[in-house]
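Okay, so here's the structure we're looking at.
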Ligand code: 0PR
């Protein structure tokens, strides 16, 4: 095919994709312009063989240090993954491998306890890692019920998971209380802050949720969500760097002796793009982004309340869930989709879900509320 034909096909396919302007269902957004610049510059860089790309490696090391600092431990160890799913897999794989090595009498099926609100990647983990994933129930505010977590612990439990920014409701689990349980039972505590990691540090209210909390062993934070970096970029961080050793395999013929990432070839552009956004925006710039998202979140909730629609919970972060009778929520979603909006639905309780990402502006919220009014 000629170049012109290929370009024409690509442009046509691109037009079929939605642009983020009408997307209120996604935890991704347009990457920051400086991330795009950095990504392009490092397009061919493979962080999986970083002896060939020592500059990329330095960028990644500095990103890990910056994200470690943001997550409460500037000396945290980790690497840039492909996203929240890989980070979750690797955190649980590290503790499973440690326990296997230690033996400790755990020969049967090991288990972890996750909140019912955990991302579906934990179902993949059960399958991939051959461990049992037990689900703890939630309280009335949709945080994990710590009593339920405690009641599920048995002698095969190797770790518990708390979510700092749940996918569906944007709720923050009581990490401090989970950390007491973890410490008391000498088990691993992993915090999934894939979404919340770039939000919670910049909220008005302060939460203890990160690596600075005693008993938290590891945390995940995704630059390709609220970090405005390019896809695919996640990050897994451990308080104790020796957990990375549990993930290592030898790589005899590469420029490096070993590798701890799940994927082999790995985008160096992710490191460059994340480095660029973090350095360019700094904490102040990141806070401005979160402030704006939270302002629009409040605006959407206030507008919905004026229409007589209540949120399932008062938003803790930039996720809005609106209550409708079960038989009504699907109709509302479909009617909004006819008006070109992309929104999503939560499972329990059923509600209409909107994520207010950096691509959303005041005008979008106004137009959305007008359509919502017509629909209801
Ligand atoms: N942990 C949490 C708390 C998450 O919310 C997500 C994804 C993950 C882990 C997994 O992350 P990766 O998808 O990076 O592996 N949350 C969103 C979701 O599943 C991801 C998403 C983003 C989905 C944009 C759709 C979309 O358009 O809803």
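In this note's numbering, the protein residues as written are 20 to 395.
Every residue, glycine too, gets a C-beta built ideally from N, C-alpha and C.
Just to confirm before moving on: does the CB-CB distance between residue i and residue j stay below 7 Å?
i, j, result
"residue 231", "residue 255", "no"
"residue 304", "residue 66", "no"
"residue 140", "residue 104", "yes"
"residue 110", "residue 212", "no"
"residue 115", "residue 144", "no"
"residue 279", "residue 296", "no"
"residue 118", "residue 177", "yes"
"residue 195", "residue 227", "yes"
"residue 153", "residue 128", "no"
"residue 148", "residue 179", "no"
"residue 219", "residue 319", "no"
"residue 184", "residue 234", "no"
"residue 327", "residue 388", "no"
"residue 269", "residue 277", "yes"
"residue 58", "residue 360", "no"
"residue 74", "residue 275", "no"
"residue 390", "residue 366", "no"
Can you check whether the C-beta of residue i is within less than 7 Å of a C-beta belonging to chain D?
i, result
"residue 73", "Note that chain D does not occur in the displayed structure, where there is just one protein chain."
Flag residue i as yes when its Cβ comes closer than 6 Å to any non-hydrogen atom of ligand 1, and as no otherwise.
i, result
"residue 213", "yes"
"residue 46", "yes"
"residue 186", "yes"
"residue 304", "no"
"residue 38", "no"
"residue 103", "yes"
"residue 140", "yes"
Can you tell me the Cβ-Cβ gap for residue i and residue j, rounded? I've got them flagged as a contact below 8 Å.
i, j, result
"residue 81", "residue 294", "6 Å"
"residue 136", "residue 182", "6 Å"
"residue 160", "residue 332", "6 Å"
"residue 191", "residue 335", "6 Å"
"residue 155", "residue 131", "So it is not a contact: roughly 10 Å between Cβ atoms."
"residue 273", "residue 68", "5 Å"
"residue 369", "residue 351", "With a Cβ gap of about 11 Å, residue 369 and residue 351 do not count as contacting."
"residue 162", "residue 193", "6 Å"
"residue 39", "residue 48", "6 Å"
"residue 138", "residue 101", "Actually they do not touch by this definition, with Cβ atoms about 14 Å apart."
"residue 229", "residue 90", "5 Å"
"residue 371", "residue 348", "6 Å"
Sorted by chain position, which residues of the same chain lie with C-beta nearer than 8 Å to residue i's C-beta, five sequence neighbours on each side aside?
i, result
"residue 99", "66, 79, 82, 83, 242, 252, 253, 254, 285, 289, 290, 293"
"residue 423", "Because the chain is modelled from 20 through 395, residue 423 falls outside the range shown and cannot be assessed."
"residue 381", "315, 318"
Give every residue of the same chain whose Cβ lies closer than 6 Å to the Cβ of residue i, excluding the five residues on either side of it in the sequence, and list them in chain order.
i, result
"residue 373", "43, 339, 362"
"residue 354", "394"
"residue 96", "257, 260, 263"
"residue 167", "155, 156"
Please work out which residues of its chain come closer than 7 Å, Cβ to Cβ, to residue i, disregarding the five sequence neighbours upstream and downstream, and give them in chain order.
i, result
"residue 7", "The requested residue 7 does not occur in the structure, where the chain is confined to residues 20 to 395."
"residue 92", "230, 231, 258"
"residue 298", "none"
Minimum length 3: unbroken beta strand (DSSP E) runs contained in the stretch 235 to 266: 237 to 239, 253 to 257
Ordered list of alpha helix (DSSP H) runs contained in the stretch 116 to 166, each at least 4 residues: 140 to 148
Ranges of the beta strand (DSSP E) found wholly within the stretch 164 to 232, counting only runs of at least 3: 176 to 182, 207 to 211
In chain order, each beta strand (DSSP E) run of at least 3 residues that lies wholly inside the stretch 26 to 108: 96 to 100
Length-filtered (3 minimum) beta strand (DSSP E) runs lying within the stretch 332 to 368: 338 to 342, 363 to 365
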